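*Asks:* Starting off with a structure, shown below.
There are 2 protein chains.
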Amino acid sequence: MEGDGGLDVTCLNKYCNSSSSSSSSSDQDRKLFMKLKLNLSGDYPRKNAEFLSGQYGINLFLIGVALMLAVARDNPSVEESHLLAFVTCLMVLQLIWMMWYILLRERRKNTRTERDVNATTSWIRGALTVLAVLSLVMDAFRIGYFVGFSSCLSAAYAVYPVVHATHTIAQVHFLWFHIKDVVKSLEIFERFGVIHAVFTNVLLWCNGVMSEAEHFMNNHIRRLSFLDSENITIVASEPVCNSTTSSSTSSLFSRGLVYLFPFNVEYHIFVSVLLFVMWKNIGRTISSNKKSLVTKSQGLTLGPILGLLALASTIAVLVVYITRIEGVLELRQSAVSMFYIYGIVMLAVMCFSGALGLLIYRADHVPLDTSKNTSRQLDTELLFGSSLGSWFMSWCSIVAVLCTESKASYRWTNFVYSIFIVLEKYLQNLFIIESLYRQQERAERSDPELLAGSEIFSVTSSMAPPFSGIINRAYETPDKTPEKEQEESREVYRCEEQQEEQPLNMKRLILKNIAVLLIMCNASLWLLPAFGCRPQYDNGLEQDIYGFSAWTTVLNFAIPLNLFYRMHSVASLFEVFRRV
Amino acid sequence: MEGDGGLDVTCLNKYCNSSSSSSSSSDQDRKLFMKLKLNLSGDYPRKNAEFLSGQYGINLFLIGVALMLAVARDNPSVEESHLLAFVTCLMVLQLIWMMWYILLRERRKNTRTERDVNATTSWIRGALTVLAVLSLVMDAFRIGYFVGFSSCLSAAYAVYPVVHATHTIAQVHFLWFHIKDVVKSLEIFERFGVIHAVFTNVLLWCNGVMSEAEHFMNNHIRRLSFLDSENITIVASEPVCNSTTSSSTSSLFSRGLVYLFPFNVEYHIFVSVLLFVMWKNIGRTISSNKKSLVTKSQGLTLGPILGLLALASTIAVLVVYITRIEGVLELRQSAVSMFYIYGIVMLAVMCFSGALGLLIYRADHVPLDTSKNTSRQLDTELLFGSSLGSWFMSWCSIVAVLCTESKASYRWTNFVYSIFIVLEKYLQNLFIIESLYRQQERAERSDPELLAGSEIFSVTSSMAPPFSGIINRAYETPDKTPEKEQEESREVYRCEEQQEEQPLNMKRLILKNIAVLLIMCNASLWLLPAFGCRPQYDNGLEQDIYGFSAWTTVLNFAIPLNLFYRMHSVASLFEVFRRV
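Residue numbers (my numbering), protein chains in the order written: chain A, 19 to 598; chain B, 19 to 598.
This is the structure in C-alpha cells:
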C-alpha cells in the first residue's frame with residue numbers, strides 16, 4: 019500500500035498520474051482523495067498559477083485605488099493616514115518576502131540558478147540606483163516634514179517614510195542580484211511574492227502621481243487666482259496646526275519634496291516593470307542566446323550634433339517658459355506660443371528621422387525574429403500603452419481647437435503641434451518595434467556551413483530569370499508551415515549577409531545617427547513637462563471646451579503616462595542604438 | 019537591365035533580395051530605390067503591419083472619446099450632432115470596405131479561403147442575429163423620435179439611424195459569411211479595414227453606454243429629488259421644441275428606446291470582439307483541428323434544477339425590487355436588504371460550485387493545451403479584463419462599509435455580498451480558464467499507434483518504484499525544449515486515457531452540472547442590473563464616502579463592464595459545458 023503511494027508521488031509529479039490502471043474501481047474514491055492531496059502540493063498548471071496570482075495582484079491594486087478615491091474627496095471620511103497605513107503594510111509584507119527569498123538563495127548558493135539575460139542591463143540598474151537614491155532623499159525630507167508638524171500628524175506619517183526607505187534599500191539590493199533569476203522552486207508561492215511586489219510598486223507609483231498632480235493643481239489654481247482673480251478657493255496643502263514652531267523649515271521640506279516627486283514616480287514604475295518581467299519568467303525555460311553587442315561609434319556626427327542642439331534649445335525654452343508664465347497675460351501668451359513653435363520644429367525633425375529609419379528598413383528586408391522574449395514583448399506593449407495618454411490629450415486639443423471661438427495667437431500652432439505629436443509617436447513606435455524585432459545580423463556569420471549554403475543559393479538566384487523562377491516555385495509548396503517559413507526566411511537572411519562587406523555600412527550608420535538623435539529629442543521632451551513646462555494647463559483652449567475638472571482629470575492621467583513614455587522610449591532607443 | 023529588374027521582383031517577394039551580389043557598388047543607390055518601391059508594395063513584416071493598423075484604430079477611438087468628453091459637458095460647445103456625424107462617417111467607411119470585401123470574395127469564389135474554425139460558433143451567430151434585430155427595432159424608434167421633433171433637431175439625428183440600420187444589416191451578413199476568413203491577400207489594406215470595423219463598433223458601444231448611463235442617471239436623480247426632495251435639478255432629456263404636435267408619441271419612442279439600449283450595447287461589443295479575432299488571424303497559418311464536440315446530456319439533473327430555481331427566484335427578486343424601490347424609505351431599504359441576502363445565497367452557491375470544479379481538476383491531472391488559439395486567448399483576457407469593473411466596485415463598497423458611520427440595516431450584508439462578488443469572480447475565472455486550456459480527452463483515441471504507445475508506457479510505470487524512477491529520470495534531460503515538454507505531456511495524456519472506460523464518468527458529470535448551474539446563475543446576475551436593479555445607486559453608503567459625482571462615475575464605468583462580464587462568462591461556460 020505504502021509502496022503504491024510512493025510510486026504515485028514519483029509518477030504524478032513527472033509523467034503520469036494513473037500508473038495503477040490495473041487496480042479495481044472500488045477504491046477509486048480513496049485514490050482520488052490521495053491524488054488530490056498530492057496534486058495540491060505538487061505541480062499546478064502554469065497558466066492557472068499565473069491567473070491565480072495575477073488576480074490577487076489586481077485586487078490588491080483595486081483596494082488601493084478605492085482608498086485613494088475615498089481620500090481624494092474634499093472632506094474625506096477616509097483619512098490619508100489610513101491609505102499610508104495600508105501601503106506601509108504592503109511594503110512590510112514585500113520586505114518579509116524579499117528577505118525570505120534572499121535567505122533561501124543564500125542557502126542554496128551551490129545550485130545554479132537559471133537567469134534571463136534579457137531581463138535587465140547594467141545601465142538600467144545604474145539608472146535605477148540613481149532614482150532610488152533620490153527617493154531616499156525624499157524620504158529624509160518626509161521625515162523632516164513630520165518632525166515639524168509632529169504634534170498634529172498621525173504616526174503613519176512617520177512610519178511611512180522609514181518603512182519606505184528600508185523598502186527602497188532592500189529592493190535595490192534585490193534588483194541588483196536577483197531580478198534576472200528564473201524561479202523554478204516553490205513556483206506558486208514565489209509567484210504571489212513577485213506579483214505582490216509588482217503591485218506594491220504600482221500603488222506607490224499611483225500614490226506619487228496623485229500627490230504630484232495635487233501639488234501641480236494647487237500651484238495652477240494659485241496662479242490662476244493670482245493672475246485672473248478668478249473665484250477659485252485655494253486648498254491648503256499644509257495641515258492646520260497649532261504649534262507654529264519650526265513650521266518654516268517644514269515648509270521648506272514640503273517645497274523640496276515637490277522637485278523629487280518625478281524621480282520617485284519613475285523609480286516605482288520602472289521597478290514594477292522589471293518585477294513584472296521576473297513574474298512572467300517564473301517557471302519558464304530560457305534559451306540562452308547572449309549576443310555580444312559591440313557598440314561602434316565611428317561616423318556618428320550628425321545625430322549627436324543635432325541632438326545636443328535640441329537639448330540645449332530645450333533647456334533655454336524651459337527657462338524662458340518658466341520665468342514668463344508667472345508674468346502678465348501677454349508674456350504668458352508669448353511663452354505658450356514659443357513652446358508650440360519650438361515643439362513643431364522638434365517634432366518635425368523627429369518625424370523625419372523616424373520615417374527615414376522606416377524607409378531604410380523597407381529597402382533592407384530582414385525577417386523578423388519571432389522567438390519568445392518576454393521583456394521585449396512587454397517593452398513594445400508598454401510603448402504602445404503609454405502612447406495612449408499623449409494621443410488622447412492631443413486629440414482632445416485638436417477637437418478643442420476646431421470647436422473653440424477663441425482668438426488666441428497659438429490656436430493653430432497648438433493644432434499643428436498636436437497633429438505632430440500623434441504622428442511622431444506613430445512613427446517612432448513603428449521604428450522602435452521594427453528595430454527590436456529584426457533579426458540581428460552577423461549573429462551566425464561564423465558558421466561556415468551557413469556561408470556555404472548562401473554561396474549555393476546566391477548562385478541559383480543570379481541565374482537567368484526563367485530558370486530562377488522555376489527554382490523558386492519549387493520552394494513554394496502549398497502546405498507551408500510556420501517552421502518552414504522560418505527556415506526560408508533564414509535562407510533570405512543568409513544570402514543577404516553576403517552583401518555586407520564593410521563593418522559599419524551606410525545604412526547602419528544612418529540608423530545609428532537616427533537612434534542617437536531620437537534619444538536626445540525624447541530626453542528633451544521628458545525634461546519639459548517633468549520640470550513644470552505644461553502649456554496644456556496654461557493655454558486655456560481645452561479648458562473652455564471640456565470644463566476645468568474634466569480637462570484637469572485628463573491631464574492628471576495623460577501627463578504621467580507621457581512622462582513614462584518618454585523615459586521608456588529613451589531606454590528602448592538605446593537598445594536600438596546597440597542593435598543596429 | 020530590364021531582365022535584372024524582373025529577377026529582382028521574383029526574388030524579392032519570395033526568397034532573396036540581394037540576388038545580384040556580383041553587381042558593382044556604384045549603382046547601389048538606384049537599386050536601393052527600386053527595392054524600396056518593390057518592398058513597399060510587397061510583403062511588410064507582420065508584426066509591424068499589426069502595429070501600423072492597431073495604432074490607426076486606437077487613434078480613431080481616441081478621437082471619438084475626445085468628442086464624447088466634449089459633448090458630455092453641461093453646456094457643451096460641441097453638439098451631439100457633431101458626434102453623431104463623426105460616427106456616421108465611420109460607419110459609411112466601414113460599409114464601403116465591407117462591400118468591397120464581399121465583392122472581392124464573390125469574384126474569387128473559386129479559390130479556397132482558409133477559415134479559422136475556432137472563430138465563432140453557430141449559436142453565437144444566432145444570438146448576434148437576435149441582438150441585431152433588436153438594434154434594428156431601436157433604429158426604427160430613433161427615426162420615429164426624429165419625426166416627432168424634426169423641426170428642432172439636426173439632420174444628423176435622421177441620417178444616423180438610417181445609416182446605423184444599413185450598417186447593422188450589412189454587418190450581420192458579413193459576420194455570417196466572412197468572419198471566419200483568414201485573409202491572405204492585400205493583408206495591409208484588409209488589416210486597416212478590419213481594425214476600422216473593430217473600433218467603429220467599440221465607439222458605437224461607448225456611445226450606447228454613455229446614453230444608457232445618462233438615462234439611468236436622469237432617472238436616478240428624478241427619484242432622488244422626488245423622494246428626498248433634495249436640491250438637484252432635473253436635466254431635461256428631451257429637446258426644448260416649439261412644435262408640440264405629436265410629441266407624446268415621440269416621448270413614447272424615447273421611453274421605448276431605454277429598454278432596447280442594453281441589447282444594442284451588447285451587440286456592438288460582441289461584434290467588435292469577433293472582428294478583433296478576425297484581425298488577429300490575418301496572415302496566420304491556421305492548423306485545422308476541428309474536433310467534433312458531442313454534447314451528451316444524460317445524468318444532468320441537479321445543475322439544471324438548481325439553475326432554474328435561481329433563475330425563477332431572480333425574476334421574483336427583480337419584480338419585487340423594482341416595485342419597492344419607487345416606494346417610501348422603509349420599502350426601499352427592505353428592497354435593498356432583500357437584494358443583498360438573495361445575492362449572498364446565490365454567490366455562495368456559485369463559489370461552492372467553482373471551488374468544487376477546481377478541486378476535481380486538481381484530482382485529475384491533465385496537461386494544458388499550449389497551442390496558439392487567438393480566440394481562446396482573447397476570451398481569457400476579456401474575462402480577466404471585464405472582471406476589473408466589478409472588482410473595483412466591490413472594493414469601493416468594502417472600503418465604504420468599513421468607514422461609514424451609517425446605521426443602515428444592509429451595511430454588513432453589503433460587506434459580505436461584496437466579498438463574495440470578489441471571491442466568486444476569482445474562482446469562476448480560474449475554473450473557466452482551466453477548463454478552456456485543458457487538453458481535450460478522447461480526441462486521439464482512435465489512433466491505434468497511440469494506444470500501443472500508452473500500453474508500453476503504462477507497463478513501465480507500474481513497475482517497482484526504484485526502476486520507474488530511473489526511467490523517469492532518463493526522460494528528464496536538462497536541455498528540455500518546449501517541444502519536448504509538449505511531447506512528454508502528450509505521453510502523460512495517452513497513459514491517462516487508459517483509465518476512462520465509461521462514456522461519461524462521475525467527474526465529467528459533476529463538471530457538466532457545475533457548468534449548467536453557473537450558466538444560469540450568470541444569466542440571472544446579468545438580468546438584474548440590465549433591467550434596472552442596481553442597489554449600488556440606491557443604498558447611499560458609497561455615495562456618502564465618495565461623493566455623488568465620483569461614485570456615479572465609478573458605476574458608469576463598472577456596471578457596463580460587469581454586464582459584459584456576465585454575458586461573456588455565459589458564452590465561455592457554454593463552451594466549457596461542451597468540452598468537459
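We treat Cβ as the ideally placed atom computed from N, Cα and C, and that holds for glycine. Fair warning: this is a prediction, and the values are worked out from it, not measured in the lab.
(1) What whole-angstrom Cβ distance do Ala-84 (chain B) and Trp-413 (chain A) have, given they're in contact under 8 Å?
(2) Which one of A:Gln-73, A:Gln-446, A:Ile-81 and A:Tyr-119 has the shortest CA to CA distance from Glu-205 (chain A)?
(3) So Ser-590 (chain B) packs on Ile-450 (chain B), CB below 8 Å; how close in whole Å?
(4) What residues are listed by DSSP as bridge partners for Arg-133 (chain A)?
(5) Give the range of the alpha helix (DSSP H) segment to which Glu-560 (chain A) is assigned.
(6) Helix, strand or coil for Arg-456 (chain B), going by three-state DSSP, please let me know.
(7) Whole angstroms are fine: how far does the CA of Met-538 (chain A) sit from the CA of Tyr-323 (chain A)?
(8) Cβ of Ile-287 (chain B) less than 8 Å from any chain A Cβ?
(9) Looking only at its chain, what residues have a beta carbon closer than 8 Å to the beta carbon of Thr-267 (chain A), apart from the 5 residues adjacent to it on each side?
(10) Please list the partners that Arg-91 (chain A) has in chain B, where partner means a Cβ-to-Cβ separation under 9 Å.
(11) Return the residue from the list B:Leu-113, B:Leu-454 and B:Phe-566 that minimises the CA-CA distance to Val-180 (chain B).
(12) In three-state DSSP terms, what is Glu-593 (chain B)?
(13) If you follow the alpha helix (DSSP H) that Glu-423 (chain A) is in, where does it begin and where does it stop?
(14) What did DSSP end up calling Leu-70 (chain A) once you bin it into helix, strand or coil?
(15) Please state whether DSSP places Leu-536 (chain A) in a helix, a strand or coil.
(16) On a CA-only basis, which of B:Lys-298, B:Ala-533 and B:Asp-199 is nearest Leu-122 (chain B)? Give me that one, please.
(17) With DSSP run on the structure shown, which of helix, strand or coil describes Leu-601 (chain B)?
(18) Return helix, strand or coil for Arg-15 (chain B), following the three-state DSSP convention.
(19) For Leu-122 (chain B), which three-state DSSP category applies?
(20) Answer yes or no: do His-182 (chain B) and Met-228 (chain B) have a C-beta to C-beta separation smaller than 8 Å?
(21) Quick one, which residues of the region 444-459 of chain B are near chain A if we go by CB-CB under 7 Å, in chain order?
(22) Shortest alpha-carbon distance to Asp-134 (chain B) belongs to which of B:Thr-303, B:Ile-333 and B:Val-335?
(23) Is the shortest distance between the beta-carbon of Leu-579 (chain B) and the beta-carbons of chain A less than 8 Å?
(24) Please report whether the beta-carbon of Pro-500 (chain A) lies at a distance below 8 Å from any beta-carbon of chain B.
(25) Going by CA-CA distance only, name the one from B:Glu-124, B:Leu-111 and B:Arg-143 that's closest to Phe-210 (chain B).
(26) Go through its chain and collect everything with a Cβ distance to Glu-442 (chain A)'s Cβ below 6 Å, but skip five positions before and after it.
(27) Are the C-beta atoms of Ala-201 (chain A) and some chain B residue less than 8 Å apart?
(28) Express the C-alpha separation of Leu-101 (chain B) and Met-86 (chain B) in angstroms, rounding to a whole number.
(29) Check whether the Cβ atoms of Phe-271 (chain B) and Gly-226 (chain B) sit closer than 8 Å, and answer yes or no.
(30) In three-state DSSP terms, what is Ile-81 (chain B)?
(31) Can you list, in chain order, the stretches of the alpha helix (DSSP H) that have 4 or more residues and sit fully within the region 391-450 of chain A?
(32) If we cut at 8 Å on Cβ distances, does Phe-69 (chain B) have a partner in chain A?
(33) Check whether the Cβ atoms of Ala-548 (chain A) and Ser-408 (chain A) sit closer than 8 Å, and answer yes or no.
(34) For Leu-349 (chain A), which residues of its own chain have a beta-carbon under 7 Å away from its beta-carbon, when the five flanking residues on both sides are left out?
(35) Would you mind reading off the limits of the alpha helix (DSSP H) that contains Asp-556 (chain A)?
*Replies:* So, from the data block:
(1) Rounded, the Cβ-Cβ distance is 4 Å, consistent with contact.
(2) Comparing Cα positions, the closest option is A:Tyr-119.
(3) About 5 Å; that satisfies the 8 Å criterion.
(4) Per DSSP, the beta-bridge partners of Arg-133 (chain A) are A:Asp-199.
(5) For Glu-560 (chain A), the enclosing alpha helix (DSSP H) begins and ends at 559-564.
(6) Correct three-state label for Arg-456 (chain B): strand.
(7) Residue identity differs from the one stated: residue 323 (chain A) is Ile in this sequence, not Tyr. Here the alpha carbons of Met-538 (chain A) and Ile-323 (chain A) stand approximately 10 Å from one another.
(8) Using a CB distance cut-off of 8 Å, Ile-287 (chain B) does not count as an interface residue toward chain A.
(9) So the list reads Gly-162 and Gly-166, once near-sequence residues are dropped.
(10) Residues of chain B whose Cβ lies closer than 9 Å to the Cβ of Arg-91 (chain A) are, in chain order, Ile-563, Tyr-564, Gly-565 and Ala-568.
(11) Considering only alpha carbons, the answer is B:Leu-113.
(12) Here DSSP, grouped into helix, strand and coil, assigns Glu-593 (chain B) to helix.
(13) It is not in any alpha helix (DSSP H) - Glu-423 (chain A) carries neither H nor E in the DSSP assignment.
(14) Leu-70 (chain A): helix per DSSP, three-state reduction.
(15) Per DSSP, reduced to three states, the secondary structure at Leu-536 (chain A) is helical.
(16) Nearest of B:Lys-298, B:Ala-533 and B:Asp-199 to Leu-122 (chain B), Cα basis: B:Asp-199.
(17) The structure shown does not extend to residue 601 (chain B), since chain B is modelled only from 19 to 598, so the question has no answer here.
(18) Since the first residue of chain B shown is 19 and the last is 598, residue 15 (chain B) is not available in this structure.
(19) The three-state secondary structure of Leu-122 (chain B), taken from DSSP, is helix.
(20) Taking a C-beta distance under 8 Å as the contact criterion, His-182 (chain B) and Met-228 (chain B) do not qualify as a contact pair.
(21) Within the region 444-459 of chain B, the qualifying residues are Tyr-444, Asn-447, Leu-448, Ile-451, Glu-452 and Tyr-455.
(22) Closest by alpha carbon: B:Thr-303.
(23) So no, Leu-579 (chain B) is outside the interface.
(24) Model confidence at Pro-500 (chain A) stands at a pLDDT of 47, short of 50, so the residue's coordinates are unreliable; what they give is reported in the following sentence. Yes, its Cβ sits closer than 8 Å to a Cβ of chain B.
(25) By alpha-carbon distance to Phe-210 (chain B), the top candidate from B:Glu-124, B:Leu-111 and B:Arg-143 is B:Leu-111.
(26) For Glu-442 (chain A), where only same-chain residues beyond five positions count, the Cβ hits under 6 Å are Leu-365, Met-368 and Cys-369.
(27) The residue you asked about is not Ala; residue 201 (chain A) is Val in the sequence shown. Not an interface residue.
(28) Near 7 Å, if we compare the C-alpha coordinates of Leu-101 (chain B) and Met-86 (chain B).
(29) Going by C-beta atoms, Phe-271 (chain B) is not nearer than 8 Å to Gly-226 (chain B).
(30) Correct three-state label for Ile-81 (chain B): helix.
(31) List check, alpha helix (DSSP H) in window: 392-421.
(32) Output row for Phe-69 (chain B): interface = yes.
(33) No, Cβ-Cβ distance for Ala-548 (chain A) and Ser-408 (chain A) is not below 8 Å.
(34) When the five nearest sequence neighbours on each side are left out, the beta carbons in the same chain lying within less than 7 Å of the beta carbon of Leu-349 (chain A) are those of Arg-342, in order along the chain.
(35) That run of the alpha helix (DSSP H) goes 553-556.
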